[in-house]
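Data block below; observations after.
Residue numbers (the numbering used here): 225 to 458.
In structure tokens, the structure reads:
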């Protein structure tokens, strides 16, 4: 029995040594595997680390992420303009509305020439508005929404025309005189004599008889005066 006891104890001692050796080897492998694991900020493993080590890992990961991504260009600064609509855009809008309403504006080019201003005057005349011939915001508003005055055509003829309208009237009066339609004085005022001369010219040229200045009238006078000058040179 004593010999069996010694044999059993020796066998137990050998098994214990082997078990201990295997346990140490397993711990070394586990430690080696854990050292190669990638720890992301915010994970459970990262939170278990010390605050200094956790902050260090987060800073390194953040730097690598920012280095890998392209740096976005700074956003452009907003520019401040003095007006909501630039002048050429305003003129084009007015020209479009005039064309829609049947007034000859000379195209939609953003240039307020004599034809466009004459068309504005025709609209103002029909709406009973003061003659300005100006492509202003108020003009666009009246074209879009109506004047709201409820006046009759030519009702504001007694109101002195604006400076731009005076220039358009003078241009029409000069054309009528040059074409021999009448001998009206070039005053820049839409007098009754000027209105009669316009009617006479409209009838002669087959235009609608209105007695007012319009884009179509300005275009026809400009074309005929140009032809007359060319014929005189020949």
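Backbone N, C-alpha and C define an ideal beta-carbon position, used for all residues, glycine too.
The alpha helix (DSSP H) spanning residue i covers which residue range?
i: residue 363; result: 361 to 369
i: residue 353; result: Counting along the chain, residue 353 falls outside any alpha helix (DSSP H), and DSSP gives it neither H nor E.
i: residue 318; result: 311 to 324
i: residue 328; result: From DSSP, residue 328 is part of no alpha helix (DSSP H); its letter is neither H nor E.
i: residue 452; result: 439 to 457
i: residue 394; result: 387 to 402
So residue i and residue j are in contact, right, with Cβ under 8 Å, and what is the actual spacing, rounded?
i: residue 380; j: residue 352; result: 6 Å
i: residue 448; j: residue 403; result: 6 Å
i: residue 408; j: residue 397; result: 5 Å
Using the rule of at least 16 other Cβ atoms within 10 Å of the residue's Cβ for burial, across every protein chain shown, is residue i buried or exposed?
i: residue 427; result: exposed
i: residue 416; result: exposed
i: residue 450; result: exposed
i: residue 454; result: exposed
i: residue 458; result: exposed
i: residue 425; result: buried
i: residue 383; result: exposed
Less than 8 Å separating the Cβ of residue i from some heavy atom of the ligand ATP?
i: residue 355; result: Here there are no bound small molecules, and the ligand ATP is not part of this structure.
Could you check what DSSP says for residue i in three-state terms: helix, strand or coil?
i: residue 381; result: coil
i: residue 348; result: helix
i: residue 358; result: coil
i: residue 416; result: helix
i: residue 336; result: coil
i: residue 428; result: helix
i: residue 421; result: helix
i: residue 341; result: helix
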